[in-house]
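Participant: For the sequence shown, my numbering begins at 445 and goes up steadily by one.
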Amino acid sequence: MNDVLVKDYETNLPQFEGLRDAAVAHTSRLLEQAGLNIHHVTGRVKKPMSLEDKLRRKPGRYRSLSDVTDLVAVRVITYFESDVGAVARLIEANHRVDWENSIDKSKMHDPDRFGYMGVHYVVQVTPDTPELAAFAGMGFEVQIRSILQHAWAEIEHDLGYKNREAIPREVQRRFYRLAGLLEMADEEFMALHRLSRDYAATLPERVQEAPDSVFIDAQSMKHLLGIAPVRDLDDGVAGALNVLLLTGWPDPERPQRLASLLHYVGVHSVGALQKELRRHREEILAFAARLMPMLREAWTPAGGARPGTSVVHYGLLRACANPSLDPHEIVSMLDMRGVLSSDQLVEAVRGAYADVQRLLPDSSRSA
Numbered sequence: 445m446n447d448v449l450v451k452d453y454e455t456n457l458p459q460f461e462g463l464r465d466a467a468v469a470h471t472s473r474l475l476e477q478a479g480l481n482i483h484h485v486t487g488r489v490k491k492p493m494s495l496e497d498k499l500r501r502k503p504g505r506y507r508s509l510s511d512v513t514d515l516v517a518v519r520v521i522t523y524f525e526s527d528v529g530a531v532a533r534l535i536e537a538n539h540r541v542d543w544e545n546s547i548d549k550s551k552m553h554d555p556d557r558f559g560y561m562g563v564h565y566v567v568q569v570t571p572d573t574p575e576l577a578a579f580a581g582m583g584f585e586v587q588i589r590s591i592l593q594h595a596w597a598e599i600e601h602d603l604g605y606k607n608r609e610a611i612p613r614e615v616q617r618r619f620y621r622l623a624g625l626l627e628m629a630d631e632e633f634m635a636l637h638r639l640s641r642d643y644a645a646t647l648p649e650r651v652q653e654a655p656d657s658v659f660i661d662a663q664s665m666k667h668l669l670g671i672a673p674v675r676d677l678d679d680g681v682a683g684a685l686n687v688l689l690l691t692g693w694p695d696p697e698r699p700q701r702l703a704s705l706l707h708y709v710g711v712h713s714v715g716a717l718q719k720e721l722r723r724h725r726e727e728i729l730a731f732a733a734r735l736m737p738m739l740r741e742a743w744t745p746a747g748g749a750r751p752g753t754s755v756v757h758y759g760l761l762r763a764c765a766n767p768s769l770d771p772h773e774i775v776s777m778l779d780m781r782g783v784l785s786s787d788q789l790v791e792a793v794r795g796a797y798a799d800v801q802r803l804l805p806d807s808s809r810s811a
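1) How many Å lie between valine 520 and phenylalanine 619 at the Cα?
2) Helix, strand or coil: which one does DSSP assign to leucine 647?
3) Are valine 755 and leucine 688 closer than 8 Å when you measure CB to CB?
4) Which complete alpha helix (DSSP H) runs does the region 614-644 hold, if anything under 4 residues is left out?
5) Quick one: give me the first and last residue of the alpha helix (DSSP H) that histidine 813 is part of.
6) Could you round the C-beta distance between arginine 750 and leucine 690 to whole angstroms and report it? I think they count as a contact, below 8 Å.
7) Tell me, please, whether the region 786-800 touches the region 722-736 by the rule of three or more beta-carbon pairs shorter than 8 Å.
8) Quick check: the Cα distance between aspartate 511 and glutamine 568, rounded to an integer number of angstroms?
9) Give the secondary structure of serine 494 by DSSP, where H, G and I count as helix, E and B as strand, and everything else as coil.
10) When you compare the CB positions of proline 492 and valine 450, do they come within less than 8 Å of one another, or not?
11) In the structure shown, what three-state DSSP assignment does glutamate 697 receive?
12) Please report the straight-line C-alpha distance between alanine 654 and leucine 622, rounded to a whole angstrom.
13) How many Å lie between alanine 682 and proline 771 at the Cα?
14) Asparagine 545: which of Tyr453, Val563, Leu534 and Gly529 sits nearest, CA to CA?
15) Return yes when the Cβ of alanine 629 is within less than 8 Å of the Cβ of leucine 603, no when it is not.
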């Protein structure tokens with residue numbers, strides 16, 4: 445009987461592989477439409493040798509391939525344990541779940557439980573899902589774990605410990621301690637995620653009401669790029685050069701780089717930055733109008749001025765005015781090197797700074 449099932453599986457393996465690919469694509473689409481930020485989604489089909497071994501270990505349990513519920517599996521790895529439940533609800537809402545063969549190991553809360561697992565569903569494919577209709581009548585497993593749950597399961601599997609009785613008594617205590625640490629780590633990561641989300645949500649109000657108390661960091665810098673005085677000065681720089689301000693420029697690292705630049709030149713709060721930009725507005729505009737035409741080959745491929753260009757020019761002004769600061773450091777920090785070397789860029793920066801200092805009245809110059 446076992447040989448017949450394995451042979452049947454090998455014959456129909458291409459169909460199972462097709463189900464795997466379709467199930468991964470369908471699951472990924474559901475997650476994307478739900479707006480869930482997931483670490484990754486993968487799929488696998490059971491190897492014929494693994495099926496043969498499973499049938500041998502459990503004789504008489506499987507009479508047909510449909511009785512083997514894990515021939516095809518989709519694995520969803522979330523960043524946070526709290527997202528495991530969100531993904532689980534999504535799977536329940538969009539599939540017919542075989543509850544008899546599904547298990548939620550996250551609800552096993554014995555104080556000394558072994559392992560640190562997530563949620564395993566077995567779902568039945570129906571014709572109601574267009575992406576999977578070609579595989580109606582078949583089923584697949586959906587495994588949902590957080591990254592830390594996944595790490596535990598993978599290491600546990602590698603060590604070969606599948607149940608409590610398999611663990612030598614002298615190492616059981618270490619396993620339980622580690623399970624507790626991983627659970628605490630998951631909770632702390634979720635707390636950090638909530639704090640970060642709440643911080644971003646309250647930024648606009650705090651920047652408006654108490655800017656001196658708001659620290660310059662990647663999140664606050666991202667917010668500042670869209671409001672005065674940064675946005676106004678950026679528009680001024682773009683207007684002086686008669687180019688577009690590239691408000692949709694895809695550079696997720698730019699806010700962090702600008703924040704690092706401001707810390708380097710001694711500006712640490714939003715309030716301080718706002719005061720400095722307003723105080724040196726004319727100098728920043730004159731400096732940018734002088735410097736950027738000298739470096740056209742470095743920025744014209746982008747097609748315009750990038751958000752935060754006024755902050756970059758302010759930082760360069762500060763570095764030129766303060767002997768303890770090095771323009772080379774800013775060039776490296778902002779990853780400005782491209783067709784021009786660091787020395788060429790710094791030479792142009794210092795030349796533009798000298799020109800601006802000669803042209804502007806003393807009251808407009810950097811202190």
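C-beta atoms are modelled at their ideal positions from N, C-alpha and C, and glycine is treated no differently. Keep in mind it's a predicted model, so treat the numbers as computed, not measured.
Facilitator: So, from the listed chains and residues:
1) 24 Å
2) helix
3) no
4) none
5) There is no way to answer for residue 813, as the model of the chain reaches only from 445 to 811.
6) 5 Å
7) yes
8) 12 Å
9) helix
10) yes
11) coil
12) 43 Å
13) 22 Å
14) Val563
15) no
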